[in-house]
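**Q**
Numbering (full-length UniProt numbering), first residue to last: 1 to 156.
1. CA-CA distance, residue 28 and residue 117?
2. Is residue 136 buried or exposed, if buried means 16 or more other CB atoms sit within 10 Å of its CB?
3. By the three-class DSSP mapping on this structure, what secondary structure does residue 88 have?
4. Would you call the stretch 63-77 and the stretch 14-33 in contact, with 3 or more CB pairs under 8 Å?
5. Just the C-alpha distance for residue 57 and residue 42, rounded to the nearest angstrom, thanks.
6. Using three-state DSSP, classify residue 99 as helix, strand or coil.
7. How long is the line joining the alpha carbons of residue 128 and residue 119, rounded to whole angstroms?
8. Going by the beta-carbon positions, is the gap between residue 84 and residue 100 smaller than 9 Å?
9. Taking the straight line between their C-alpha atoms, what separation do you get for residue 140 and residue 62?
10. Roughly how many angstroms separate the alpha carbons of residue 93 and residue 64, rounded to a whole number?
11. Let's see if you can read the secondary structure: which residues bound the alpha helix (DSSP H) around residue 93?
12. Relative to the C-alpha of residue 113, which residue among 37, 144, 87 is closest?
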């Protein structure tokens, strides 16, 4: 469990530090996932579609915490590769996103590369640090979820 040290005060820009870590982690995962022909972001999206589909684009965007226009833009390459399809939903205005059989196969192939990336990251950072990071990130995400649900605003 992660314990806060009350003597420590945040130094520097949290957003910058998070973006730096995200870029480094993305680069790490991309090196592995590229062997299967996808970017890490494409693999994450394909995994969500396989796990949740068929699903309406709005619900998929909500589950992935991304805006609808970004989701639409990110679905296009997967659709062009024949890994997903966007088809008509229950009425003329609705759509459903679903993985194709090729998409499910590509997800399985890429999952092996992703697992190798995860093992390598755990070795590089140490499993205890990764577990503590996950706990801290989940707690921080929960703080944002609560503020959205209650309508609370924060200064910053």
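Glycine residues also receive a C-beta, built at the ideal position from the N, C-alpha and C atoms.
**A** Quick look at the numbers:
1. As a first step, residue 28 is located in the chain shown; it is residue number 28 there, counting from the start. As a first step, residue 117 is located in the chain shown; it is residue number 117 there, counting from the start. Cα to Cα, the separation comes out at about 7 Å.
2. Here residue 136 refers to the residue found at position 136 when the chain shown is read from its first residue. Residue 136 should be labelled exposed.
3. Here residue 88 corresponds to residue number 88 of the chain shown, with the count starting at 1. Residue 88 sits in a strand when the DSSP states are folded into three classes.
4. Look at the beta carbons and you see the stretch 63-77 not touching the stretch 14-33: under three pairs across the two are nearer than 8 Å.
5. Start at 1 with the first residue of the chain shown, and residue 57 comes out as number 57. Start at 1 with the first residue of the chain shown, and residue 42 comes out as number 42. Those two C-alpha atoms are separated by around 15 Å.
6. As a working mapping, residue 99 is identified with position 99 in the chain shown. DSSP places residue 99 in strand when its eight states are reduced to three.
7. Indexing the chain shown from 1 puts residue 128 at position 128. Indexing the chain shown from 1 puts residue 119 at position 119. Those two C-alpha atoms are separated by around 13 Å.
8. For the purposes of this step, residue 84 is taken as residue 84 along the chain shown, with counting starting at 1. For the purposes of this step, residue 100 is taken as residue 100 along the chain shown, with counting starting at 1. It is a contact, given that the beta carbons lie within the stated cut-off.
9. As a first step, residue 140 must be located in the chain shown, where it is residue number 140. As a first step, residue 62 must be located in the chain shown, where it is residue number 62. Computed Cα separation, rounded: 18 Å.
10. Taking the chain shown and counting its residues from 1, one reaches residue 93 at position 93. Taking the chain shown and counting its residues from 1, one reaches residue 64 at position 64. It is roughly 22 Å from the alpha-carbon of residue 93 to the alpha-carbon of residue 64.
11. As a working mapping, residue 93 is identified with position 93 in the chain shown. Per DSSP, residue 93 belongs to no alpha helix (DSSP H) and is neither H nor E.
12. Here residue 113 is taken as the residue at index 113 of the chain shown, counted from 1. Measuring from the Cα of residue 113, the nearest candidate turns out to be 37.
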